[in-house]
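Numbering (the working numbering), first residue to last: 59 to 216.
As structure tokens, then:
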């Protein structure tokens with residue numbers, strides 16, 4: 059499965075937060091003859107009013123409902139996806155969300171050891187962030203949750 063960031067960038071399911079794939083009602087032009095069609099078509103087109111369905115949870119709406127403004131920190135979002143992936147025992151929906159997020163940032167982790175390494179790296183970054191803002195309860199909770207999910211007593215090396 060490949061997420062095309064040119065087409066799906068800025069989209070997420072409003073229900074399950076999946077980054078794709080989506081089934082979108084499109085319009086196109088193609089040659090139809092008495093014998094049928096060749097299957098070849100021109101460019102696909104859709105609008106904000108096009109019907110859209112999330113493949114992960116089957117939520118349906120119009121495309122505009124699936125558009126999001128990315129106001130979150132991608133590293134924190136990746137950490138969230140990592141621990142949900144680990145806690146859920148590697149559910150398909152979370153895995154594809156994680157892969158989509160990581161692909162958008164230029165890396166791809168396909169194996170459990172690679173995902174665990176990515177989670178360890180994310181934990182190290184989160185702990186460094188926590189040291190710069192020790193009163194941030196949300197970051198502290200995220201660090202503890204990720205440590206528990208990894209089953210580690212990870213220590214930051216200074």
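Even glycine gets a Cβ: it sits at the ideal position worked out from N, Cα and C.
With DSSP as the reference, label residue 125 as helix, strand or coil.
DSSP places residue 125 in strand when its eight states are reduced to three.
Determine contact between the segment 91-99 and the segment 110-122, defined as no fewer than three beta-carbon pairs at a distance below 8 Å.
Touching, no, given that fewer than three Cβ pairs across the two stretches are closer than 8 Å.
Just the Cα atoms here: how many angstroms apart are residue 193 and residue 107?
Each residue's alpha carbon lies about 44 Å from the other.
What is the residue span of the beta strand (DSSP E) that residue 89 lies within?
Unbroken beta strand (DSSP E) run through residue 89: 88-91.
Can you give me the Cβ contacts of residue 71 inside the same chain, cut-off strictly under 7 Å, excluding the 5 residues immediately before and after it?
112, 114, 115, 117, 124, listed in sequence order.
Among the residues of its own chain, which have a CB less than 8 Å from the CB of residue 84, if the five just before and after it don't count?
The answer, listed in chain order, is 102, 103, 104, 108.
Compare the Cα-Cα distances from residue 65 to each of 80, 74, 187 and report the closest residue.
Considering only alpha carbons, the answer is 80.
Figure out for me which residue from 74, 100, 96 has the closest Cα to the Cα of residue 126.
Taking only the C-alpha atoms, the option nearest residue 126 is 74.
Please go through the same chain and pick out, in chain order, the residues whose beta-carbon is closer than 8 Å to the beta-carbon of residue 110, but skip the five residues on each side of it.
Cβ neighbours of residue 110 beyond the five flanking positions: 80, 81, 82, 83, 118, 119, 120, 121, 123, 124.
Going by the DSSP bridge assignment, what does residue 103 pair with across the sheet?
Partner(s): 85.
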